[in-house]
Amino acid sequence: MIVAKRKPLNEIAEMLAPYKKVTVIGCRSCVAICLAGGEKEVKMLVSALKVKNKRDGRKQHIEGTVVERQCEKEWVQEIEAQILDSDVTLSMACSLGAQTIGDMYPKHLTFPGLNTGMFGVPEEQGVWSEKCVGCGNCIIHTTGGICPIARCAKSMLNGPCGGSANRKCEVNLEVDCAWAAIYDRLKLQNRLDLIESVTPAKDWSTSHSGGRRVFEREDAKLTPHQKKGKGVT
Amino acid sequence: MKAGSNLEKVFESGQFAVTAEIGPPQSANPEPLTHHAKMLKGYADAFNLTDNQTAVVRLSSIASAVIIMREGVEPVIQMTCRDRNRIALQSDLLGAAALGVKNVLCLTGDHQTFGNEKGAKNVFDFDSIVELQVFDQLRTQGKQVGGEVLKDPPKTYLGCAENPFATPYEYRASRLAKKVAAGADFCQTQAIFDMDMFEKWMDEVRARGLDKKIHILAGVIPMKSAGAARYMKNKVPGMIVPDHIVDRMKSAKDAKGEGIKLCVEQIEHLKTVKGVHGVHIMAVAWEDIVPRIVEMAGLLPRPKFES
Numbered sequence: 001m002i003v004a005k006r007k008p009l010n011e012i013a014e015m016l017a018p019y020k021k022v023t024v025i026g027c028r029s030c031v032a033i034c035l036a037g038g039e040k041e042v043k044m045l046v047s048a049l050k051v052k053n054k055r056d057g058r059k060q061h062i063e064g065t066v067v068e069r070q071c072e073k074e075w076v077q078e079i080e081a082q083i084l085d086s087d088v089t090l091s092m093a094c095s096l097g098a099q100t101i102g103d104m105y106p107k108h109l110t111f112p113g114l115n116t117g118m119f120g121v122p123e124e125q126g127v128w129s130e131k132c133v134g135c136g137n138c139i140i141h142t143t144g145g146i147c148p149i150a151r152c153a154k155s156m157l158n159g160p161c162g163g164s165a166n167r168k169c170e171v172n173l174e175v176d177c178a179w180a181a182i183y184d185r186l187k188l189q190n191r192l193d194l195i196e197s198v199t200p201a202k203d204w205s206t207s208h209s210g211g212r213r214v215f216e217r218e219d220a221k222l223t224p225h226q227k228k229g230k231g232v233t
Numbered sequence: 001m002k003a004g005s006n007l008e009k010v011f012e013s014g015q016f017a018v019t020a021e022i023g024p025p026q027s028a029n030p031e032p033l034t035h036h037a038k039m040l041k042g043y044a045d046a047f048n049l050t051d052n053q054t055a056v057v058r059l060s061s062i063a064s065a066v067i068i069m070r071e072g073v074e075p076v077i078q079m080t081c082r083d084r085n086r087i088a089l090q091s092d093l094l095g096a097a098a099l100g101v102k103n104v105l106c107l108t109g110d111h112q113t114f115g116n117e118k119g120a121k122n123v124f125d126f127d128s129i130v131e132l133q134v135f136d137q138l139r140t141q142g143k144q145v146g147g148e149v150l151k152d153p154p155k156t157y158l159g160c161a162e163n164p165f166a167t168p169y170e171y172r173a174s175r176l177a178k179k180v181a182a183g184a185d186f187c188q189t190q191a192i193f194d195m196d197m198f199e200k201w202m203d204e205v206r207a208r209g210l211d212k213k214i215h216i217l218a219g220v221i222p223m224k225s226a227g228a229a230r231y232m233k234n235k236v237p238g239m240i241v242p243d244h245i246v247d248r249m250k251s252a253k254d255a256k257g258e259g260i261k262l263c264v265e266q267i268e269h270l271k272t273v274k275g276v277h278g279v280h281i282m283a284v285a286w287e288d289i290v291p292r293i294v295e296m297a298g299l300l301p302r303p304k305f306e307s
């Protein structure tokens with residue numbers, strides 16, 4: 001899922017300071033699961049902002065709401081009136097939610113309440129770790145199911161580097177060396193032959209390096225006739 | 001001959017090679033490079049110019065190479081994948097060759113979080129093994145990684161580094177084999193303090209016949225103090241410094257003298273290890289000591305060849 005972290009309260013308060021009427025919008029998808037921008041976090045932020053405003057002597061009307069998935073227009077549309085009635089919207093979704101609102105209502109101000117971090121996995125209660133960077137060309141069948149692009153600090157294809165000590169990463173001694181993990185996994189699977197030969201240069205054109213990515217599926221698209229029937233323009 | 005560098009000639013003549021390092025300055029002043037080149041000339045067969053080592057911004061390795069070449073000293077330029085994508089790496093290889101640089105050491109590179117530009121965006125389009133493979137293809141076939149064929153390919157002698165002391169230890173000889181397969185001609189090892197562990201790695205290297213395919217330069221670091229030994233033991237990931245070495249440095253009255261003695265002993269021992277074709281002396285910020293160590297280790301005079 002997409003893992004995000006709430007911005008510090010002071011940064012949010014500063015962003016919102018010039019505005020009288022604020023709507024904070026959460027999202028029930030990824031950011032709710034990672035405890036950053038769900039219903040509970042929206043409530044907590046709204047009351048924290050109210051307390052801060054009171055202390056700072058700032059008059060500001062703040063209300064909170066939450067949608068099912070902020071990255072989908074259909075869900076955002078349901079609270080259109082509330083969005084447009086405010087001076088500014090603070091999105092508590094990942095940046096995709098914030099940009100969806102921004103694209104739908106370009107004259108309206110939408111600010112990010114979260115820092116969107118990564119594609120991550122909940123390892124245990126309160127711990128999330130990055131395991132994919134969306135390079136667009138998955139190779140984990142050759143690396144024991146462990147992604148070196150996301151999990152090695154140097155995205156090595158022929159790791160580990162010389163800094164792998166005690167099977168930890170030199171960049172962060174708390175983090176497992178991805179290539180030591182790949183070695184151990186392949187050994188367990190009796191497939192070490194997979195990393196005996198040189199993995200050649202990766203084609204990064206499927207990643208962000210190839211430009212902004214848009215995926216299209218012809219079979220899923222609506223025909224002009226279907227669009228007309230659904231009132232889609 | 002692949003490039004006809006002095007280093008290549010030393011290896012090909014079967015003589016025990018000596019390389020050392022000259023760290024480029026954190027300034028635009030070429031003087032420290034010229035100074036070290038003059039001082040070290042004749043004491044090693046080639047000198048590594050580090051490429052923004054530990055991710056600290058320094059005078060570039062290619063520029064440094066040209067500066068020391070003016071003093072008649074042969075460079076080995078280090079080229080890391082941290083700061084350049086495949087366009088820049090291939091371009092710099094061509095540029096270095098055009099300037100007369102014949103030895104290139106391919107490295108993945110220290111992560112930028114260790115240096116003085118921690119906010120940098122890294123590249124890592126390649127790792128060192130891919131870099132070797134691409135450079136080898138470029139020099140032998142003139143073919144870029146993207147497929148375009150160049151008219152005048154670079155003549156370059158390709159080096160790599162390998163660390164027998166990094167985990168997983170049992171994979172380290174395999175990794176050297178990958179570097180050989182990718183096209184490396186010589187290999188500098190991480191600094192050796194745990195001789196037993198190094199010899200174990202060399203056993204595996206010989207068992208695979210790799211010592212016949214690549215020239216191994218055993219890495220050594222002369223230490224100035226017990227503090228340096230402790231620092232390397234505790235703070236440098238992928239370095240193993242046994243307690244007896246730290247203790248020896250600690251109990252020495254003259255730590256510098258002891259560091260030199262220890263380094264010379266290590267070189268004497270490494271000369272006897274089958275498959276080791278030379279030593280690489282990394283006198284970090286202590287370049288002045290290299291002539292003395294080389295002399296004490298009985299490695300003078302250095303071979304000379306008709307050019």
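Chains as they are written, first to last, in this note's numbering: chain V, 1 to 233; chain F, 1 to 307.
Quick reminder that beta carbons are idealized off the backbone N, C-alpha and C, glycines included.
Problem - alpha helix (DSSP H) segments (min. 4 residues) lying fully within the stretch 145-212 of chain V - result: Annotation: the stretch 145-212 of chain V contains the following complete segments of the alpha helix (DSSP H) (minimum length 4 residues), in chain order: 148-151, 178-188.
Exercise for the section: Please check if any C-beta of chain F sits within less than 8 Å of the C-beta of L188(V). Expected result: For this step, residue 188(V) is matched to residue 188 along the first sequence. At a cut-off of 8 Å between beta-carbon atoms, L188(V) makes no contact with chain F.
Handout entry: the stretch 129-144 of chain F: positions lying closer than 7 Å to chain V by Cβ
Key = Contact annotation: in the stretch 129-144 of chain F, residues whose CB is within less than 7 Å of a CB in chain V are I129, V130, Q133, V134.
Exercise for the section: Please check if any C-beta of chain V sits within less than 8 Å of the C-beta of P154(F). Expected result: As a working note, residue 154(F) is residue 154 in the second sequence. Chain V contact via Cβ: absent.
Exercise for the section: May I ask you to list, following chain order, the residues of the stretch 208-242 of chain F that have a beta carbon less than 7 Å from some beta carbon of chain V? Expected result: So the close ones are P237, G238.
Exercise for the section: For the stretch 103-129 of chain V, enumerate the residues whose C-beta is nearer than 7 Å to any C-beta of chain F, in chain order. Expected result: Per Cβ criterion, the list is empty.
Problem - Local conformation of M15(V) per DSSP, three classes - result: Here residue 15(V) corresponds to residue number 15 of the first sequence, with the count starting at 1. Reduced to three states, the DSSP call for M15(V) is helix.
Practice task
Check the Cβ of T113(F) against every Cβ in chain V and list those closer than 7 Å, keeping chain order.
Solution key: As a first step, residue 113(F) is located in the second sequence; it is residue number 113 there, counting from the start. Residues of chain V whose Cβ lies closer than 7 Å to the Cβ of T113(F) are, in chain order, V171.
Exercise for the section: Give the residues of chain F in contact with L157(V), contact being defined as C-beta atoms less than 9 Å apart. Expected result: Within the first sequence, residue 157(V) is the residue found at index 157, counting from 1. For L157(V), the C-beta contacts it makes with chain F under 9 Å involve F126, D127, I129, V130, in order along the chain.
Practice task
Examine chain F for any beta-carbon lying closer than 8 Å to the beta-carbon of N166(V), and answer yes or no.
Solution key: For the purposes of this step, residue 166(V) is identified with residue 166 of the first sequence, where counting begins at 1. The C-beta of N166(V) comes closer than 8 Å to at least one C-beta of chain F.
Handout entry: N163(F): contacting residues in chain V (beta-carbon distance under 9 Å)
Key = Translated into positions along the second sequence, residue 163(F) becomes position 163. What N163(F) touches in chain V: C161, G162, G163, S164.
Handout entry: Those residues which DSSP pairs with I62(V) across a bridge
Key = If you number the first sequence from 1, residue 62(V) lands on position 62. Residue pairing by DSSP puts I62(V) in a beta bridge opposite V22(V).
Handout entry: chain F within 8 Å of S197(V), Cβ atoms only
Key = Translated into the one-based positions of the first sequence, residue 197(V) becomes position 197. Taking Cβ atoms only, chain F reaches closer than 8 Å to S197(V), which makes this a yes.
Handout entry: Anticipated Cβ contact below 8 Å, P291(F) with L40(F), distance rounded
Key = Position 291 of the second sequence, counting from 1, holds the residue named residue 291(F). Position 40 of the second sequence, counting from 1, holds the residue named residue 40(F). Taking the Cβ atoms as the reference, P291(F) lies roughly 7 Å from L40(F), within the contact range of under 8 Å.
Handout entry: Which residues DSSP lists as bridging W128(V), in chain order
Key = Within the first sequence, residue 128(V) is the residue found at index 128, counting from 1. Partner residues in the beta bridge of W128(V), as assigned by DSSP, are P122(V).
Practice task
Taking a Cβ distance cut-off of 7 Å, strictly less, list which residues of the stretch 71-89 of chain F are near chain V, in chain order.
Solution key: Of all residues in the stretch 71-89 of chain F, those with a C-beta nearer than 7 Å to a C-beta of chain V are R86, reading in chain order.
Exercise for the section: Name the residue from S164(V), G136(V), K230(V) whose alpha carbon lies nearest to the alpha carbon of F215(V). Expected result: As a position in the first sequence, residue 215(V) is number 215, starting the count at 1. Taking F215(V) as reference, the option from S164(V), G136(V), K230(V) with the minimal CA-CA separation is G136(V).
Practice task
Reducing DSSP to helix, strand and coil, say where F165(F) ends up.
Solution key: Position 165 of the second sequence, counting from 1, holds the residue named residue 165(F). Coil.
Exercise for the section: Excluding the 5 residues preceding and the 5 following T261(V) in the sequence, name in chain order all residues of the same chain whose CB lies nearer than 6 Å to its CB. Expected result: Since the first residue of chain V shown is 1 and the last is 233, residue 261(V) is not available in this structure.
Exercise for the section: Measure the C-alpha to C-alpha separation of L308(F) and E148(F) and round it to an integer number of angstroms. Expected result: What the structure shows of chain F is the stretch from 1 to 307, and residue 308(F) is not part of that stretch, so it cannot be assessed.
Problem - Continuous beta strand (DSSP E) stretch holding V232(V): start and end - result: Here residue 232(V) refers to the residue found at position 232 of the first sequence. Careful: V232(V) lies outside any beta strand (DSSP E) and carries neither H nor E.
Practice task
Determine the direct distance from the alpha carbon of Q90(F) to that of K151(F), and round the result to whole angstroms.
Solution key: The count along the second sequence starts at 1 and reaches residue 151(F) at position 151. The count along the second sequence starts at 1 and reaches residue 90(F) at position 90. So the alpha carbons of these two residues sit roughly 14 Å apart.
Practice task
Name, going along the chain, the residues of the stretch 178-206 of chain F whose beta-carbon falls closer than 8 Å to a beta-carbon of chain V.
Solution key: So the list reads K178, A181, A182, Q190, given in the order they occur along the chain.
Exercise for the section: Identify each residue in the stretch 34-55 of chain F for which the Cβ-Cβ distance to at least one residue of chain V is less than 8 Å, and report them in chain order. Expected result: Correct list: empty, as no residue qualifies.
Handout entry: Contact set between T108(F) and chain B, taken where Cβ atoms lie within less than 8 Å
Key = In the structure shown, chain B cannot be found, because the protein chains are V and F.
Exercise for the section: Give the interface partners of A166(F) over in chain V, defined as CB-CB distance under 7 Å, in chain order. Expected result: Along the second sequence, one-based indexing puts residue 166(F) at 166. The contacting residues are P160, G162, G163, S164, A165.
Handout entry: Stretch-stretch touch, CB-based, cutoff 8 Å, three pairs: the stretch 4-13 of chain F with the stretch 261-269 of chain F
Key = Contact annotation: the stretch 4-13 of chain F does not touch the stretch 261-269 of chain F, with fewer than three C-beta pairs closer than 8 Å.
Handout entry: Reduced DSSP category for I139(V) - H, G, I as helix; E, B as strand; rest coil
Key = Counting from one through the first sequence, the residue named residue 139(V) turns up at place 139. I139(V): coil per DSSP, three-state reduction.
Exercise for the section: With a cut-off of 8 Å on the beta carbons, I'd call I77(F) and V101(F) a contact; round off their distance for me. Expected result: In the second sequence, residue 77(F) corresponds to position 77, counting from 1. In the second sequence, residue 101(F) corresponds to position 101, counting from 1. Sure, about 5 Å apart at Cβ, within 8 Å.
Practice task
Return helix, strand or coil for V220(F), following the three-state DSSP convention.
Solution key: Here residue 220(F) refers to the residue found at position 220 when the second sequence is read from its first residue. Strand.
Problem - Residue range of the alpha helix (DSSP H) that includes P291(F) - result: Counting from one through the second sequence, the residue named residue 291(F) turns up at place 291. P291(F) -> alpha helix (DSSP H) spans 290-296.
Practice task
Ignore the nearest five residues each way along the sequence and tell me which others in P25(F)'s own chain have a CB closer than 6 Å to its CB.
Solution key: Taking the second sequence and counting its residues from 1, the one referred to as residue 25(F) is at position 25. Counting only Cβ-Cβ distances below 6 Å, and skipping sequence neighbours, we find P32, L59.
Practice task
Kindly confirm or deny that the stretch 18-33 of chain V and the stretch 93-100 of chain V touch, where touching means at least three C-beta pairs closer than 8 Å.
Solution key: Three or more beta-carbon pairs separated by less than 8 Å link the stretch 18-33 of chain V to the stretch 93-100 of chain V, which places the two stretches in contact.
Exercise for the section: Assign W188(V) to buried or exposed, taking buried as 16 or more other Cβ atoms, counted over all protein chains shown, within 10 Å of its Cβ. Expected result: Locating residue 188(V) in the first sequence gives position 188, where the first residue counts as 1. Per the sequence shown, the amino acid found at residue 188(V) is Leu instead of Trp. Burial call: exposed.
Handout entry: N- and C-terminal bounds of the alpha helix (DSSP H) containing C128(F)
Key = In the second sequence, counting from the first residue as 1, residue 128(F) sits at position 128. Residue identity check: residue 128(F) is Ser in the sequence provided, not Cys. Counting along the chain, the alpha helix (DSSP H) containing S128(F) begins and ends at 128-141.
Handout entry: Where S174(F) meets chain V, residues with beta-carbon distance less than 7 Å
Key = By one-based count along the second sequence, residue 174(F) stands at place 174. Per Cβ cutoff of 7 Å: E196.
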